[in-house]
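Line by line, the protein sequences give chains C and Y. Here the first sequence is numbered in the UniProt record's numbering, starting from 1 and rising by one per residue. Here the second sequence is numbered in the UniProt record's numbering, starting from 1 and rising by one per residue.
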Amino acid sequence: MTQHSPMEPTKVDVAVIGAGPAGMAAAVTASKAGLSVALLDEGQSLGGQIYRNIENGTPFRDGILGRDYVAGRTLAQSLRASDVTYLPRTTVWNISTDNMLDLSRDGSSSQLIADKIIVATGAVERPSPMPGWTLAGVTTVGALQILLKASGVVQEDAVLVGSGPLMWLVAAQMISAGTPPKAIVETTPKGRMAQAMPHILQALKGHRYLTKGLSMIRQVRGAGIPIYNAATNVRINGGEVAESVTFISKGKEHTIHSNHIALHQGVVPNQQVTRLLRCDHKWDASQHCFRPVLDGQGKTSVPDVYVAGDGAGIGGAKSAALMGRLVALAIAQEKGKALPERVDRLEAALASDGAVRPFLEAMYAPAPQFVKPAKETIVCRCEEVTAGAIQEAVDLGAPGPNQVKSFLRSGMGPCQGRVCGLVVASIIAERRKASMDETGYYRIRPPLKPIPLSELANFQPLEVAQK
Amino acid sequence: MAKRIENTGEPVQFTFDGQTVTAQSGDTVAAALTAAGIDILRSSVVSGAPRGVFCMMGTCFECLVEVDGVPNRQACQVPVTEGLTVCSQQGAPEVLEASA
Numbered sequence: 001m002t003q004h005s006p007m008e009p010t011k012v013d014v015a016v017i018g019a020g021p022a023g024m025a026a027a028v029t030a031s032k033a034g035l036s037v038a039l040l041d042e043g044q045s046l047g048g049q050i051y052r053n054i055e056n057g058t059p060f061r062d063g064i065l066g067r068d069y070v071a072g073r074t075l076a077q078s079l080r081a082s083d084v085t086y087l088p089r090t091t092v093w094n095i096s097t098d099n100m101l102d103l104s105r106d107g108s109s110s111q112l113i114a115d116k117i118i119v120a121t122g123a124v125e126r127p128s129p130m131p132g133w134t135l136a137g138v139t140t141v142g143a144l145q146i147l148l149k150a151s152g153v154v155q156e157d158a159v160l161v162g163s164g165p166l167m168w169l170v171a172a173q174m175i176s177a178g179t180p181p182k183a184i185v186e187t188t189p190k191g192r193m194a195q196a197m198p199h200i201l202q203a204l205k206g207h208r209y210l211t212k213g214l215s216m217i218r219q220v221r222g223a224g225i226p227i228y229n230a231a232t233n234v235r236i237n238g239g240e241v242a243e244s245v246t247f248i249s250k251g252k253e254h255t256i257h258s259n260h261i262a263l264h265q266g267v268v269p270n271q272q273v274t275r276l277l278r279c280d281h282k283w284d285a286s287q288h289c290f291r292p293v294l295d296g297q298g299k300t301s302v303p304d305v306y307v308a309g310d311g312a313g314i315g316g317a318k319s320a321a322l323m324g325r326l327v328a329l330a331i332a333q334e335k336g337k338a339l340p341e342r343v344d345r346l347e348a349a350l351a352s353d354g355a356v357r358p359f360l361e362a363m364y365a366p367a368p369q370f371v372k373p374a375k376e377t378i379v380c381r382c383e384e385v386t387a388g389a390i391q392e393a394v395d396l397g398a399p400g401p402n403q404v405k406s407f408l409r410s411g412m413g414p415c416q417g418r419v420c421g422l423v424v425a426s427i428i429a430e431r432r433k434a435s436m437d438e439t440g441y442y443r444i445r446p447p448l449k450p451i452p453l454s455e456l457a458n459f460q461p462l463e464v465a466q467k
Numbered sequence: 001m002a003k004r005i006e007n008t009g010e011p012v013q014f015t016f017d018g019q020t021v022t023a024q025s026g027d028t029v030a031a032a033l034t035a036a037g038i039d040i041l042r043s044s045v046v047s048g049a050p051r052g053v054f055c056m057m058g059t060c061f062e063c064l065v066e067v068d069g070v071p072n073r074q075a076c077q078v079p080v081t082e083g084l085t086v087c088s089q090q091g092a093p094e095v096l097e098a099s100a
């Protein structure tokens, strides 16, 4: 691997954004095909979130995090052994139509031109809006897992609230770490198993995932952790910090005391880069999210822009890496390079790995409380905009998220709608009785992440002659 | 209460609002503060309500702090280094009220 030096490349064949499984795999494959590749990632080290801190594993932590996590190490090693220029701590804050990427690294900005851009920015956790979710001490379940992976830090008294495979995985990992969660409040509505059953035959083709899931749930049940099923009316109570969580399960109200409540409603594609680039997106009614419209080879509606991994639709780490390789091969082919591996085998592996998805999507679709939150619930955390205020703005004539944004500043805070976007859109769609595609999403503008004015002032764009 | 299950890095000391925090090399500021039991990192700009770490992955911007005099840094993205001066960030809802 080319170590980052004062002479960063200013022009590459392929720029890959994100060093998770899709990004690492795409970068390695493109490089093997003879293309010059820069891998840009915001994190300190390779791995993205799923393989976070993968290069610094200890046997103890590997044991807790499990085989599927450790599998990421091979990918990181192949990246290190490649000719890819890997730039950690690098935030892509703009991409212009001439394939020029504006980067921020260690407080200064620079530019990079790429013939092709692979967006591998993965997923973010779906928001779980509920009363009290802005209190300090409330995190996502993913945050707990990142603390464990990156720093070996666990919350001893955490209550996990939500639904989906990641919640069970983190619960099982916390048990293995010797700090089981205090309770699990499962929000999967009643009747979901019946809705998921039509997909079971297909899902059995991915039985490894089903077996893993069942064994995680068994481990959690076997550890004697209280589990409350089909919880509704969930709210978090507290003054300065979270103190307890209250909910109804089996017709009875429960309150569990804890200063650390972790929420999860599955993961959805991170749309920031593809929205910035004005790629076409479509609502996926099975995954309950927007995803970029792609051809069979990961190509978006915008020339030279490709998406691989969970950013293209949720498929998990293994699918992400397969897709990364496929997208890199598609680019290599377009550039007339000999392909370092066979496309048909990868496509077959991708189809097989995704077999379990429709079952999981039906089982763990977000519960109504989190799609249509109660009026008083804060939806946009940055600007403290409630569901009720959004409904009122719709009644006053705001037809979509961008108009609601002008009315209320929702999505205008520092997170730029990353957290609230899907919920704001679904509240509007519900109120207008419009589809999600008609309702649309926030228009994302540069800078993708705030950078100081002083950095912009010192920013020296590439000379036009170099372009 | 947060607990560290394994010591893998070197001890690193920094301050948060003047209080000395011992972290481990490799920690982000957000991880180090969480490990130290500090859950409130700032107050919100709208109501002044206390906020803390939420996503740990650079998405939510809830963990904004001032690092060595630079405001609006994402604590979950900044690695700890020896002697770092980290301060909680106070929203200024009174500015909104004054301009209302």
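Don't be surprised by glycine CBs; every beta carbon is placed ideally from N, CA and C. Note that the structure is a prediction, hence the values are computed from the model and not measured.
Margin query: Check this for me: beta carbons of glycine 20(C) and isoleucine 50(C), under 7 angstroms apart or not?
Written below: yes
Next item on the list: Please work out which residues of its chain come closer than 7 angstroms, Cβ to Cβ, to glycine 313(C), disregarding the five sequence neighbours upstream and downstream, and give them in chain order.
Entry: Pro269, Asp284, Gln287 and Arg291
Next item on the list: Determine, using beta carbons only, whether lysine 282(C) and glycine 34(C) come nearer to each other than 7 angstroms.
Entry: no
Note to self: Whether or not the segment 61–75 of chain C and the segment 111–131 of chain C are in contact is what I'm after, with contact meaning three or more pairs of Cβ atoms, one per stretch, closer than 8 angstroms; do they touch?
What the structure shows: no
Notebook entry, point to check: From which residue to which residue does the alpha helix (DSSP H) around serine 176(C) run?
Noted result: 165–176
Margin query: At the level of alpha carbons, what is the spacing between alanine 389(C) and glutamine 403(C)?
Written below: 13 angstroms
Check: Going along chain C, which residues have a C-beta under 7 angstroms from glycine 52(Y)?
Finding: Ala136 and Gly137
Notebook entry, point to check: Is the segment 36–49 of chain C in contact with the segment 340–348 of chain C, if contact means three or more CB pairs nearer than 8 angstroms?
Noted result: no
Notebook entry, point to check: On the three-state DSSP scale, how would you describe serine 128(C)?
Noted result: For serine 128(C), the secondary structure class from DSSP, reduced to helix, strand or coil, is coil.
Item checked: Length at least 3, wholly inside the segment 62–142 of chain C: the beta strand (DSSP E) runs in chain order -> 85–87, 90–96, 100–105, 108–119, 123–125 and 138–140
Note to self: I'd like the list of long-range same chain contacts for aspartate 280(C), defined as Cβ closer than 6 angstroms, with 5 residues on each side in sequence excluded.
What the structure shows: The residues are Val293 and Ser301.
Next item on the list: Mind checking which residues open and close the beta strand (DSSP E) that includes aspartate 284(C)?
Entry: 281–284
Next item on the list: Please confirm if glycine 69(Y) has its CB atom under 7 angstroms from at least one CB of chain C.
Entry: no
Checklist line | Neighbourhood of aspartate 431(C) by C-beta distance below 6 angstroms, restricted to the same chain and skipping five residues each side | finding: In the sequence on display, residue 431(C) carries arginine and not aspartate. So the list reads Gln391 and Val394, once near-sequence residues are dropped.
Check: How is histidine 254(C) classed by DSSP in three states: helix, strand or coil?
Finding: Note: histidine 254(C) maps to strand in three-state DSSP.
Notebook entry, point to check: Which bits of chain C does aspartate 27(Y) rub up against, with CB to CB less than 9 angstroms?
Noted result: Those are Ala150, Ser151 and Val153, listed as they occur along chain C.
Checklist line | DSSP state of glutamine 77(Y) mapped onto helix, strand, coil | finding: coil
Note to self: Would the segment 23–30 of chain Y count as touching the segment 77–86 of chain Y if we require 3 or more Cβ pairs under 8 angstroms?
What the structure shows: yes
Notebook entry, point to check: Thinking C-beta only, is phenylalanine 459(C) closer than 7 angstroms to serine 96(C)?
Noted result: no
Item checked: Range covered by the beta strand (DSSP E) that runs through histidine 264(C) -> Histidine 264(C) -> beta strand (DSSP E) spans 261–265.
Notebook entry, point to check: Looking only at its own chain, which residues have a Cβ that is under 8 angstroms from the Cβ of lysine 467(C), when we skip the five neighbours before and after it?
Noted result: With a pLDDT of 46 at lysine 467(C), under the threshold of 50, the predicted position of this residue should be treated as unreliable, and no value is reported.
Item checked: Proximity test, Cβ basis, 7 angstroms: serine 43(Y) and chain C -> no
Next item on the list: Measuring only between beta-carbons, confirm whether serine 47(Y) sits less than 7 angstroms from chain C.
Entry: yes
Check: From lysine 182(C) to proline 165(C), what distance separates their C-alpha atoms?
Finding: Lysine 182(C) and proline 165(C) have their C-alpha atoms roughly 18 angstroms apart.
Next item on the list: Label leucine 214(C) either buried or exposed according to how many other C-beta atoms from any shown protein chain fall within 10 Å of its C-beta, with 16 as the threshold for buried.
Entry: exposed
Next item on the list: Determine the direct distance from the alpha carbon of alanine 374(C) to that of glutamine 13(Y), and round the result to whole angstroms.
Entry: Approximately 44 angstroms between the Cα atoms of the pair.
Next item on the list: Indicate whether at least one CB of chain Y lies closer than 7 angstroms to the CB of cysteine 420(C).
Entry: no
Notebook entry, point to check: At what residues does the beta strand (DSSP E) containing serine 14(Y) begin and finish?
Noted result: It is phenylalanine, not serine, that sits at residue 14(Y) in the sequence shown. Where phenylalanine 14(Y) is concerned, the enclosing beta strand (DSSP E) stretches over 11–16.
Check: What number of angstroms, rounded off, separates the C-alpha of glutamine 77(C) from the C-alpha of serine 36(C)?
Finding: 18 angstroms
Next item on the list: Please report the residue range of the beta strand (DSSP E) in which glutamate 186(C) lies.
Entry: That run of the beta strand (DSSP E) goes 183–186.
Next item on the list: For the beta strand (DSSP E) holding glutamate 66(Y), just list the boundary residues, first then last.
Entry: 64–67
Margin query: Please report whether the beta-carbon of histidine 4(C) lies at a distance below 7 angstroms from any beta-carbon of chain Y.
Written below: Residue confidence is low: histidine 4(C) scores 44 on pLDDT, short of 50, so the model does not pin down where it sits. Its coordinate-derived value is still stated next. Answer no: the Cβ-Cβ gap between histidine 4(C) and chain Y never drops below 7 angstroms.
Item checked: Coarse secondary structure for isoleucine 22(Y), derived from DSSP in three states -> Per the sequence shown, residue 22(Y) should be read as threonine rather than isoleucine. DSSP places threonine 22(Y) in strand when its eight states are reduced to three.
Note to self: Using only the alpha-carbon positions, how far apart do leucine 135(C) and leucine 201(C) sit?
What the structure shows: 43 angstroms
Notebook entry, point to check: Tell me which same chain residues have a C-beta within less than 6 angstroms of the C-beta of glutamate 62(Y), skipping the five on either side of it?
Noted result: Counting only residues of its own chain and dropping the five nearest sequence neighbours on each side, glutamate 62(Y) has a CB closer than 6 angstroms to the CB of Arg51 and Phe54.
Notebook entry, point to check: Quick check: the segment 318–327 of chain C against the segment 7–21 of chain Y, are there 3 or more CB pairs under 8 angstroms?
Noted result: no
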